[in-house]
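Numbering (my numbering), first residue to last: -12 to 393.
Accompanying notes for the structure given below.
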């Protein structure tokens, strides 16, 4: 990868599906344009967002308004022109690929077919034609298609450019503000979250993976996955052990107790631990619940439970092997009107553009992308346990902490 000229401010391009209020593009691009609160001050990125390609323009779209507000910013009719600034060669130093929100088809499995891979391929065309690359940030999971996701990562490694992808959950604040200790020996872990499949499952999987990848030996990949929904989830909840088809009940309780949005299960109480008999009635109609159970190749047992209506936040718990002690924490997401959990995500993307190195291993998102696709496939096949030899993804975590502490 050619290093940018550090005698000038870096130029950043954005390739997005849509740019409207509360879209991921707004949350991220506005931070590159105006700056954002970070560590007790208003932080302005040391770079300029100079170009963008916006695929769809729904009612209330903001790209035209932003172009008028920021003279250095220009919208282009194609991805190629946005990256070359209307010329023949790559003319930017970093790319924000945000393929989230917009009117795109949904397949029979319930996956929304966002064109992240297609956008990525257009970026690669410009790289190859220019004989130069630059760092790329991809919001959320890489693609709904596993083969495409794997190709994206392999292409980045072959061409030698920094590639960062993922959710804001791993980098947002935590209460308590803890990392999983490096080289911790774990036997089982659990993540409790709201939402549905192919949207919130990736956030929950990223929440879990950023913690468990720090265990002894690092990440080893996933052996199999099995997904459940609705009544089958409640059946599994009655079983107290993984080998019986359930999970460690104390881990679920730890997540419930860490939640800051636990919905009261009994009238007149504000924060009461619900019983297993009370939880099913709390789940919103037509919102699951959904459960992914999967085992890592080193034996770590993992459960992700999406229970919209029971909680509205993300919590994690894990049991240490040997001592039997439980570690748990809450991943803090401020209100939608603020959404400042995008601030640390934007900051890490900015650091990648400045240094040419991603602070987050791309293998994490490759694994969570694969788990998302495999979980949806298991549900599509009626909850069948699916071997996942393709998720033989081995990597070491970054030793430094990357979540927002201040």
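No residue lacks a Cβ here, since even glycine has one placed at the ideal position from N, Cα and C.
- Cβ contact annotation for residue 155 (same chain, cutoff 6 Å, sequence separation greater than five): 328, 329, 332, in chain order.
- Beta-bridge pairing by DSSP links residue 178 to 291, 303.
- The residue from 74, 204, 321 with its alpha-carbon nearest to that of residue 65 is 74.
- With a contact defined as Cβ atoms closer than 8 Å, residue 84 and residue 107 qualify at about 6 Å.
- By the Cβ criterion, the region 86 to 105 is in contact with the region 126 to 137, since at least three pairs of Cβ atoms, one from each stretch, lie closer than 8 Å.
- Pairing residue 104 with residue 209 gives a Cβ-Cβ distance that is not under 8 Å.
- Excluding sequence positions up to five before and after residue 205, its CB lies within less than 8 Å of the CB of 381, 382, 383, 384, all in the same chain and listed in chain order.
- When the Cα atoms are used, residue 102 and residue 29 turn out to be separated by approximately 33 Å.
- In the DSSP assignment, residue 283 falls outside any alpha helix (DSSP H) and within the unbroken beta strand (DSSP E) covering 277 to 283.
- In this structure, residue 41 lies near residue 3, with their beta-carbon atoms less than 8 Å apart.
- At a cut-off of 4 residues, the continuous stretches assigned as alpha helix (DSSP H) that sit fully inside the region -3 to 44 are 11 to 21.
- Taking C-beta atoms under 8 Å as the contact rule, residue 183 and residue 295 qualify, at a distance of about 7 Å.
- If you draw a 10 Å sphere on the C-beta of residue 321, you find fewer than 16 other C-beta atoms in it, and that means exposed.
- Residue burial annotation: residue 379 is exposed, with fewer than 16 other C-beta atoms found within 10 angstroms of its C-beta.
- Judged by their CB atoms, residue 144 and residue 171 are not nearer to each other than the 8 Å cut-off.
- Using a Cβ distance threshold of 8 Å, residue 122 and residue 149 count as a contacting pair.
- Under the DSSP assignment, residue 352 falls in the alpha helix (DSSP H) whose first and last residues are 349 to 367.
- The beta-carbon distance between residue 229 and residue 177, rounded to whole angstroms, is 10 Å. This is too long to meet the 8 Å contact definition.
- For residue 144, the secondary structure class from DSSP, reduced to helix, strand or coil, is helix.
- Here the alpha carbon of residue 89 sits roughly 16 Å from the alpha carbon of residue 15.
- In the assembly as shown, residue 246 is a buried residue. Its beta-carbon has 16 or more other beta-carbons within 10 Å.
- Comparing alpha carbon positions, the residue from 181, 197, 311, -4 closest to residue 78 is -4.
- Residue 217 holds the alpha-carbon nearest to the alpha-carbon of residue 278 among 227, 217, 314.
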